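Below is one structure, written out as structure tokens; comments come after it.
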Amino acid sequence: MYINPTSWYQLVTLGQGLIQINESNHCSFYVLQDGGSPHPMFIDSGLGLSAGAQRELFSRLNIGEYSVLGTHLHSDHVGLSANAREFWAGKIEWDQYKARDGFPLPYYLKQFGNKSNLPSDRSAQSKRSLLKPSKFVDDGEVVEFGPWQLEVVHTPGHTSGHLSFFDTARKVGFLGDMIYDGVLYLHLKDSSFRSYVASLVKLIEYLRANDLYSWTLLPCHNSIPLNPAYLLRVRDVLSRIQQGDLDPVGQTKGDGVLCESFLFVYGGIKIFIKKKDVPGIKDKANLPIVIGV
Ligand SMILES: [Zn+2]
429 MYINPTSWYQ LVTLGQGLIQ INESNHCSFY VLQDGGSPHP MFIDSGLGLS
479 AGAQRELFSR LNIGEYSVLG THLHSDHVGL SANAREFWAG KIEWDQYKAR
529 DGFPLPYYLK QFGNKSNLPS DRSAQSKRSL LKPSKFVDDG EVVEFGPWQL
579 EVVHTPGHTS GHLSFFDTAR KVGFLGDMIY DGVLYLHLKD SSFRSYVASL
629 VKLIEYLRAN DLYSWTLLPC HNSIPLNPAY LLRVRDVLSR IQQGDLDPVG
679 QTKGDGVLCE SFLFVYGGIK IFIKKKDVPG IKDKANLPIV IGV
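The sequence shown: position 284 = 712 (our numbering), numbered continuously.
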């Protein structure tokens with residue numbers, strides 16, 4: 429039995445005119461509603477599989493036109509972006525998207541979708557071919573929307589053009605897929621372990637300069653909000669991997685979208701890292717092949 433479009437999106441009010449849209453446990457995105465503007469700003473836009481579900485969502489939110497600010501262009505983050513009146517994203521990310529180094533929707537659905545957890549009306553997928561940013565945003569820029577002042581921070585690693593957004597007055601940070609408390613993917617063609625470590629260190633320093641534990645951190649997957657202490661735990665695991673103190677527990681083969689990788693597991697944290705990014709691993713032949721975790 430497919431999911432009825434009317435129950436595809438779940439809404440969570442977070443205060444400050446901010447709403448979390450949970451897309452049936454696949455992913456989350458965010459809506460900023462400025463009291464003075466009829467057009468809300470989305471941070472990412474989920475999978476967007478169903479025009480019927482979108483109509484029902486917009487009716488519940490009482491909105492028509494909208495704009496989208498994108499963290500990155502993976503298929504589970506841009507579903508409603510092609511129909512936005514404005515779509516703002518990073519130039520590096522767009523160039524990679526055009527080079528087809530992303531995470532395409534058919535691949536996502538093969539990996540994570542099945543007929544029992546998708547909406548019955550899948551009419552919105554064809555709109556993706558129209559996806560194109562109307563404006564590029566870059567590191568250090570501040571995007572203003574009503575009372576929100578979102579500083580753009582380039583956080584490469586998961587993808588080379590990944591952006592995160594921070595409102596330092598409100599202490600709200602939008603993390604995209606930079607970090608969340610699930611399996612971390614650093615084995616896409618466009619991923620880089622070295623860049624990811626640098627971004628995480630940069631992010632921790634940025635947040636610490638503004639009282640780390642006072643932030644509400646909003647990723648696009650799993651626990652929301654994310655406890656700021658989780659960033660420190662992941663940084664420590666990455667540091668162990670860099671120093672050669674942690675052995676992988678499994679390995680994956682490449683398939684054209686995901687690259688050959690090692691799986692590291694420590695303290696509840698699971699990370700896939702491209703084999704070429706951790707060249708010092710020994711005894712590779714004895715590691716079990718894992719498909720997913
Ligand atoms: Zn992603």
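Glycine residues also receive a C-beta, built at the ideal position from the N, C-alpha and C atoms.
Predicted, not measured: the structure shown is a model, and the values here were computed from it.
Next item on the list: Rounded to whole angstroms, what's the CA-CA distance from residue 671 to residue 538? Just pull it up for me.
Entry: By one-based count along the sequence shown, residue 671 stands at place 243. By one-based count along the sequence shown, residue 538 stands at place 110. Going by C-alpha positions, residue 671 is about 35 Å away from residue 538.
Margin query: Quick check: what's the CA-CA separation for residue 559 versus residue 459?
Written below: As a working mapping, residue 559 is identified with position 131 in the sequence shown. As a working mapping, residue 459 is identified with position 31 in the sequence shown. Rounded to the nearest angstrom, the two C-alpha atoms are 19 Å apart.
Next item on the list: Using a threshold of 8 Å, state whether the C-beta atoms of residue 689 and residue 712 are closer than that.
Entry: Working through the sequence shown from its first residue, we reach residue 689 at position 261. Working through the sequence shown from its first residue, we reach residue 712 at position 284. For the pair residue 689 and residue 712, the CB atoms are not nearer than the 8 Å cut-off.
Note to self: Is the separation between the beta-carbon of residue 585 and that of residue 619 shorter than 8 Å?
What the structure shows: Position 157 of the sequence shown, counted from the start, is the residue given in the question as residue 585. Position 191 of the sequence shown, counted from the start, is the residue given in the question as residue 619. Contact flag set, yes.
Checklist line | 8 Å contact criterion, which residue 514 and residue 563 should meet: CB distance rounded | finding: On the sequence shown, position 86 is the one that residue 514 refers to. On the sequence shown, position 135 is the one that residue 563 refers to. That belief holds up - the Cβ atoms of residue 514 and residue 563 are roughly 7 Å apart, short of 8 Å.
Next item on the list: With a 10 Å radius around its C-beta and 16 neighbouring C-beta atoms as the bar for buried, classify residue 495 as buried or exposed.
Entry: For this step, residue 495 is matched to residue 67 along the sequence shown. Buried, since its Cβ has 16 or more Cβ neighbours within 10 Å.
Next item on the list: Report the residue from 522, 642, 697 whose alpha carbon sits nearest the alpha carbon of residue 612.
Entry: Locating residue 612 in the sequence shown gives position 184, where the first residue counts as 1. It is 697 whose Cα lies nearest to the Cα of residue 612.
Check: Residues in its own chain within less than 7 Å of residue 621 by CB, not counting five upstream and five downstream?
Finding: Counting from 1 along the sequence shown, the entry for residue 621 is found at position 193. Closer than 7 Å at the Cβ level, and outside the excluded window around residue 621, lie 614, 701, 702, 705, 706.
Notebook entry, point to check: Does the beta carbon of residue 531 fall short of 7 Å from some heavy atom of ligand 1?
Noted result: Taking the sequence shown and counting its residues from 1, one reaches residue 531 at position 103. Under cutoff, so the answer is yes.
Item checked: residue 618 beta carbon near ligand 1 (any heavy atom closer than 7 Å) -> Position 190 of the sequence shown holds residue 618. False, no ligand heavy atom lies under 7 Å from that Cβ.
Check: Is the distance from the Cβ of residue 435 to the Cβ of residue 551 below 8 Å?
Finding: In the sequence shown, residue 435 corresponds to position 7, counting from 1. In the sequence shown, residue 551 corresponds to position 123, counting from 1. The beta carbons of residue 435 and residue 551 sit no closer together than 8 Å.
Margin query: Under 7 Å: does the beta carbon of residue 586 sit that close to some heavy atom of ligand 1?
Written below: To locate residue 586, count along the sequence shown from 1; it is residue 158. Yes, the beta carbon of residue 586 sits closer than 7 Å to at least one heavy atom of ligand 1.
Item checked: Best match in 506, 642, 714, 481 for proximity to residue 597 [C-alpha to C-alpha] -> Numbered from 1 along the sequence shown, position 169 holds the residue referred to as residue 597. Checked all of 506, 642, 714, 481; the closest Cα to residue 597 is 642.
Notebook entry, point to check: Taking the Cβ atom as the reference point for each residue, do residue 659 and residue 571 lie within a distance shorter than 8 Å?
Noted result: Taking the first residue of the sequence shown as 1, we reach residue 659 at position 231. Taking the first residue of the sequence shown as 1, we reach residue 571 at position 143. Residue 571 sits away from residue 659, with the two beta carbons spaced by 8 Å or more.
Check: What residues sit near ligand 1, counting only those whose C-beta is closer than 5 Å to one of its heavy atoms, in chain order?
Finding: Selection output, chain order preserved: 502, 605.
Notebook entry, point to check: Are the segment 501-509 and the segment 444-463 touching, with three or more C-beta to C-beta distances below 8 Å?
Noted result: Result yes; three or more Cβ-Cβ pairs closer than 8 Å.
Check: Who pairs with residue 573 in a beta bridge, going by DSSP?
Finding: Residue mapping note: residue 573 aligns to position 145 of the sequence shown, counting from 1. Per DSSP, 576.
Check: Which value, in whole angstroms, describes the spacing of the CA atoms of residue 429 and residue 453?
Finding: Taking the sequence shown and counting its residues from 1, the one referred to as residue 429 is at position 1. Taking the sequence shown and counting its residues from 1, the one referred to as residue 453 is at position 25. Residue placement at residue 429 is poorly supported in this model, since its pLDDT is 49, which falls under 50; the coordinates are not used for a value here.
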